[in-house]
Structure formats: structure tokens, C-alpha cells
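S.K.:
In this note's numbering, the protein residues as written are 123 to 299.
What follows is the structure, encoded as C-alpha cells:
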């Protein structure tokens, strides 16, 4: 089969190129709809001196379009959408996301406790009451210990709590603890 582009002059009009590629019946649609899309993807521009597109570059574009040439960066037809390709990235991101479902007050208390290990009672932790401490304990972020001399429960951050504090710090503040 003869290559229809080989019958064209070195510089051809859009209509000539369209007829060679899709035939006379569909040429007008090709010029109007397809060529503008292809131009955004590397289709050769009209050379103002020659008032046409360089046919050898049009051929090269199509070779790349059909995958005939390797390493020539041109448009390729859109393939099937593969939304699963994003899944590993999403899973990786979700591993860094806080996991315990703590509210803002509980997160703040946990971060404070990790940063200030000497703050062991709810009175020593800003904005933390017994409800906040019990919520942290329910999630496994802290454990209740003995009572201090004032009768307040001393709390200790667990390994789960330390890991959650790291995730919170990175997730909300972009930094590790």
C-alpha cells in the first residue's frame, strides 16, 4: 500500500494533509477538530514562509502517534484510565495520616505530652481535662498510672501515642517530632 503522505509536496496545506489522512469526506472535520488538538500535542506548525506544514514532520508525528518510533516525544492516543495506578500513592499517604481519630483537643494534649514528658497529669497539660485523658486512653495513646501526691492520675504516653503524635505533626505541620 502506498503512503498517501508521500504523494504530497514537502509543505502541504491542512486540507491536503487531511485528505491524505482521512479522505475527502472527513477532511473538513479533521481540519477543524483534530488538527487543533494535535497541535497541542506536538503536531507540526504551519511554516509561514512556505504556507504549509512540513510533511516529513507530519509523517514523523504519526510514526510516534502509532508508536512506530521510540524516543520521539509526540502525542499518543489516550489509553484506558487506570485509577488503580494512584492507589499505591494514596496508600502510602494514608499511612502517614493520623490513625486514631482523635479530636483537636486530644491531638493537642498528646502532642504536648510527647514534647513535655514531665507533664504527666491533666492539670499540667494545657486544655486537657479528665475527659480528654480518658479519650486518649480509650484510643490507646496513653495509659493511666499511679496517683500523684495530690491524688491526680499520672498518664504515660504509649508507643502507639508516640507514633500517632509523629503522624499528627507531619500531617498538620509537615515536620517530624
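Even glycine gets a Cβ: it sits at the ideal position worked out from N, Cα and C.
Computed from a predicted model, the values in this text were never measured in an experiment.
Within 10 angstroms of its Cβ, does residue 147 collect 16 or more other Cβ (buried), or is it exposed?
M.R.: The residue in question, residue 147, is exposed, as its Cβ has fewer than 16 Cβ neighbours within 10 Å.
S.K.: Apart from the five residues on each side of it in sequence, which residues of its chain come closer than 8 Å, Cβ to Cβ, to residue 251?
M.R.: Only 244 meet the Cβ criterion.
S.K.: Give, in chain order, every unbroken run of the alpha helix (DSSP H) that is at least 4 residues long and sits entirely within the region 207-255.
M.R.: Fully enclosed alpha helix (DSSP H) runs of 4 or longer: 209-218 and 226-237.
S.K.: Using only alpha-carbon positions, find the residue among 137, 290, 124 and 129 that is nearest to residue 99.
M.R.: The question about residue 99 has no answer here: the residues shown for the chain are numbered 123 through 299.
S.K.: Could you name the residues of the same chain whose beta carbon sits closer than 6 Å to that of residue 231, not counting the 5 residues immediately before and after it, in chain order?
M.R.: Correct list, in chain order: 247, 250 and 254.
S.K.: Beta strand (DSSP E) containing residue 278: first to last residue?
M.R.: Note, residue 278: beta strand (DSSP E), 275-279.
S.K.: Output yes or no for whether 8 Å exceeds the beta carbon distance between residue 156 and residue 137.
M.R.: Against a cut-off of 8 Å, the Cβ pair of residue 137 and residue 156 comes out as no contact.
S.K.: Would residue 107 be called buried (16 or more neighbouring beta carbons within 10 Å of its own) or exposed?
M.R.: A query on residue 107 cannot be resolved here, the shown segment of the chain reaching from 123 to 299 and no further.
S.K.: Can you give me the start and stop residues for the alpha helix (DSSP H) that residue 149 sits inside?
M.R.: Counting along the chain, the alpha helix (DSSP H) containing residue 149 begins and ends at 146-151.
S.K.: Classify residue 300 as buried or exposed, calling it buried when 16 or more other Cβ atoms lie within 10 Å of its own Cβ.
M.R.: Lying before the first or after the last residue shown, residue 300 is absent from the chain, which here runs from 123 to 299.
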